[in-house]
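For reference, each letter of the sequence shown is one residue, going 28 to 184 in this note's numbering. Ideal placement from N, C-alpha and C gives every residue a C-beta, glycine not left out. Note sheet for the following structure.
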Amino acid sequence: MQGPDWPNDGEIDIVQNVNLAPTNLYSLHTTQGCQHPSAANSVGIETGILQQPDCFNQTAGNAGCLIKDSGTDSYGAGFAQAGGGVFAMLWDDDGINIWFFNRSSIPPDLPTGSPHPTGWGLPAASYPSTSCNTANYFSPQTMIFVSHFFQSLLSTH
């Protein structure tokens, strides 16, 4: 997802990686000042593994504040073999939280009109507003779906 004036309006990547990578990556891309808590301070807030804490779009080759999913069924061959799954995001005053559920573990309340994220366990990625005030770094986002396969076909023809 991306705001209309990138990077000033932020970007939230829920499904991200390339080629035959086995694991999904979650990230935020912002202007300078937004951070993910350090690895020592993020214990117990997410199941993913912190790769890069700085969300600033000009840090680490525009990696953003990057969390690697701890499982192997959220991307690529593992995702396909598991029959897919569901990504869910909650963006509120407390921050941005992203969950992944493989097909066999989708919470029964998720597809209803009244989902209850407090019962879903730890998110795969958590970006608390205490280290990145989302009101300052994000505007309304537009969801964008890009297939790298189709993108590659278009660029070669």
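What residues are listed by DSSP as bridge partners for residue i?
i	result
Tyr53	Ile94
Ile39	Leu55
Gly112	Asn129
Phe172	Answer by DSSP bridge pairing: none, since Phe172 is not bridged.
Asp119	Gly122
Ile76	Lys95
Tyr154	Ile123
Asp81	Gln62
Hey, residue i and residue j: beta-carbon distance below 9 Å or not?
i	j	result
Glu38	Ala152	no
Gly71	Ser97	no
Gly88	Leu47	no
Tyr169	Gly30	First, the amino acid is wrong: residue 169 is Thr here, not Tyr. Yes.
Ile125	Pro150	yes
Cys159	Gln85	no
Pro34	Thr157	no
Go to residue i, then tell me how far its beta strand (DSSP E) extends in each direction, as first and last residue.
i	result
Gly122	122 to 129
Ala66	Neither: Ala66 is in no beta strand (DSSP E) and is coded neither H nor E.
Measure the C-alpha to C-alpha separation of residue i and residue j and round it to an integer number of angstroms.
i	j	result
Ser179	Gln43	Confidence is the limiting factor: at Ser179 the pLDDT is only 43, short of 50, which leaves the residue's position unreliable, though a coordinate-based value still follows. Distance between the alpha carbons of Ser179 and Gln43: 16 Å.
Lys95	Pro49	10 Å
Met28	Asp40	6 Å
Asp119	Thr58	19 Å
Pro155	Gly105	29 Å
Phe127	Leu117	12 Å
Asp121	Val45	30 Å
Gly91	Thr139	32 Å
Thr161	Ala107	33 Å
Asn68	Leu137	29 Å
Pro135	Asp36	33 Å
Thr99	Asp32	33 Å
Ile171	Ile123	18 Å
Phe83	Leu93	11 Å
Within 9 Å (strictly less), CB to CB, does residue i reach chain C?
i	result
Phe128	The chain inventory of the structure shown lacks chain C, comprising one protein chain alone.
Sorry if obvious, but does the Cβ on residue i come closer than 8 Å to a heavy atom of the ligand FMN?
i	result
Gly75	This structure simply doesn't include the ligand FMN, nor any ligand for that matter.
Which two residues bound the contiguous alpha helix (DSSP H) that contains residue i?
i	result
Thr161	161 to 164
Check whether the region 135 to 147 touches the region 155 to 167, taking contact to mean three or more Cβ pairs, one atom from each stretch, closer than 8 Å. Contact fails between the region 135 to 147 and the region 155 to 167, because fewer than three Cβ pairs, one in each stretch, are under 8 Å apart.
Report yes or no: do three or more beta-carbon pairs, one from the region 125 to 143 and one from the region 106 to 116, lie closer than 8 Å? Flag = yes, the region 125 to 143 and the region 106 to 116 touch.
Does the region 40 to 56 come within contact of the region 79 to 91, defined as at least 3 CB pairs closer than 8 Å? Yes: at least three Cβ pairs fall under 8 Å.
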